[in-house]
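Numbering-wise (our numbering), the sequence shown opens with residue 64 and increments by one. Each residue gets a CB set at the ideal place from its N, CA and C atoms; glycine is no exception. Computed from a prediction, not measured in an experiment: that's the story for all the values here. The next block holds one structure in the form of structure tokens; read it before the comments.
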Amino acid sequence: MSDSHSVEQKFGFVIPVYNHGAALESVVKNLVQYNFPIIVVDDGNDEKNKAFINDVAARYSLVTLIVHPKNKGKGEAVKTGVLKAEQLGLTHILQIDSDGQHDAGRIPQFLELSKQNPKAIICGYPVYDESAPRHRVIARKISNVWIHIVSFTTSHQVRDALIGFRIYPVEPYCIVLRRHSIIDSHMGYDIDILVHLLWRNVPVISEAVEVHYPEDGVSNFRAVRDNLHITFTYARLCIGMVIRLPILIKRKLYK
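Printed below as a string of structure tokens:
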């Protein structure tokens with residue numbers, strides 16, 4: 064049910080950047096047409112990537128640049144961007160990766176859904192083309208099974224746990240950040256923050272977005288490190304789910 068008149072929405076974009084400085088401008092070019100603030104977080108990049116990032120920040124007035132002196136991980140970069148969005152008075156942010164893999168042509172549909180459902184997360188789920196590595200697709204399916212277990216949701220509500228293409232309402236997001244000091248700082252972050260928001264009964268609407276893996280693309284995914292982060296994230300969330308089980312069961316029965 065739409066609640067589009069309950070919130071005066073102020074949108075912005077959050078882009079965490081690490082090792083994708085060269086691709087950043089093409090992403091920003093797709094965003095400036097909306098005339099929303101664009102928060103770019105330089106997550107401890109090397110000098111070569113910093114040069115690209117600084118050039119984009121200097122040439123596009125909508126860009127607000129925040130710099131982490133050292134690499135802290137994707138999760139910390141997104142967290143920094145969202146807290147900055149709160150300072151700027153934004154009510155909703157669209158998180159998008161800096162590597163250009165996500166189809167920016169879907170942004171108008173995501174924005175419209177958010178306007179119709181301002182209390183909801185508009186959560187992308189990937190539609191892959193032939194460029195997607197098979198092992199990544201399989202691993203993602205396994206991860207998506209676990210998010211339904213720990214959050215007490217169905218595959219119809221939450222279609223993907225890991226994608227970095229989502230619109231979030233800022234207020235509940237920042238409440239979670241302030242109340243929970245342990246949120247994964249790396250590739251488990253998108254899972255972690257989504258589950259915590261689901262536990263707070265924030266609704267989720269899943270919407271398709273095409274994902275393309277460029278042949279010469281640079282991946283920040285480190286198989287051992289990031290799979291461990293994801294595994295430990297789900298283990299911690301399982302404990303959190305057990306603690307909240309009476310509330311989650313009651314909520315499920317009520318629905």
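Looking at residue i: is its Cβ nearer than 9 Å to the Cβ of residue j?
i, j, result
"VAL213", "LEU300", "yes"
"PHE76", "ILE159", "yes"
"ILE22", "ALA148", "Here the chain covers residues 64 to 318 and nothing more, so residue 22 does not appear."
"ASP105", "VAL80", "yes"
"ASP255", "THR216", "no"
"PRO189", "ARG203", "yes"
"ARG229", "LEU157", "yes"
"GLU88", "PHE115", "yes"
By the three-class DSSP mapping on this structure, what secondary structure does residue i have?
i, result
"PRO266", "coil"
"ASP279", "Because ASP279 carries a pLDDT of 47, less than 50, the predicted location of this residue cannot be relied on, and the following value inherits that uncertainty. If DSSP states are grouped into helix, strand and coil, ASP279 belongs with coil."
"ASP255", "helix"
"GLN179", "helix"
"ALA114", "helix"
"PRO189", "strand"
"ALA298", "helix"
"ALA271", "strand"
"HIS165", "strand"
"ILE205", "helix"
How long is the line joining the alpha carbons of residue i and residue j, rounded to whole angstroms?
i, j, result
"LEU153", "LEU311", "30 Å"
"LYS178", "ILE302", "35 Å"
"ILE184", "ASP118", "32 Å"
"VAL274", "GLN164", "5 Å"
"GLN220", "LEU261", "11 Å"
"LEU257", "ALA224", "8 Å"
"ILE238", "ARG122", "34 Å"
"LEU240", "VAL265", "14 Å"
"PRO171", "SER206", "28 Å"
"HIS155", "ASN108", "27 Å"
"GLY138", "GLY251", "8 Å"
"SER218", "ILE201", "16 Å"
"ALA167", "LYS142", "22 Å"
"ILE210", "GLY84", "31 Å"
"ARG314", "HIS292", "29 Å"
"SER248", "ALA140", "8 Å"
"TYR97", "VAL305", "42 Å"
"THR127", "ALA120", "7 Å"
"ARG197", "TYR276", "12 Å"
"ASN9", "ASN112", "For the chain, the structure presents residues 64 to 318; residue 9 sits outside this window and is missing."
List the whole-angstrom C-beta distance separating residue i from residue j, where the pair is believed to meet the contact cut-off of C-beta under 8 Å.
i, j, result
"GLU110", "GLY187", "So it is not a contact: roughly 32 Å between Cβ atoms."
"VAL90", "SER161", "6 Å"
From what residue to what residue does the beta strand (DSSP E) around residue i run?
i, result
"LEU128", "126-131"
"PRO232", "229-232"
I need the boundaries of the alpha helix (DSSP H) containing residue i, first residue and last residue.
i, result
"VAL103", "Careful: VAL103 lies outside any alpha helix (DSSP H), inside the beta strand (DSSP E) at 101-106."
"GLY75", "No alpha helix (DSSP H) holds GLY75; the beta strand (DSSP E) holding it covers 74-80."
"LEU157", "Careful: LEU157 lies outside any alpha helix (DSSP H), inside the beta strand (DSSP E) at 155-158."
"TYR317", "308-317"
"ASN93", "84-94"
"LYS147", "137-150"
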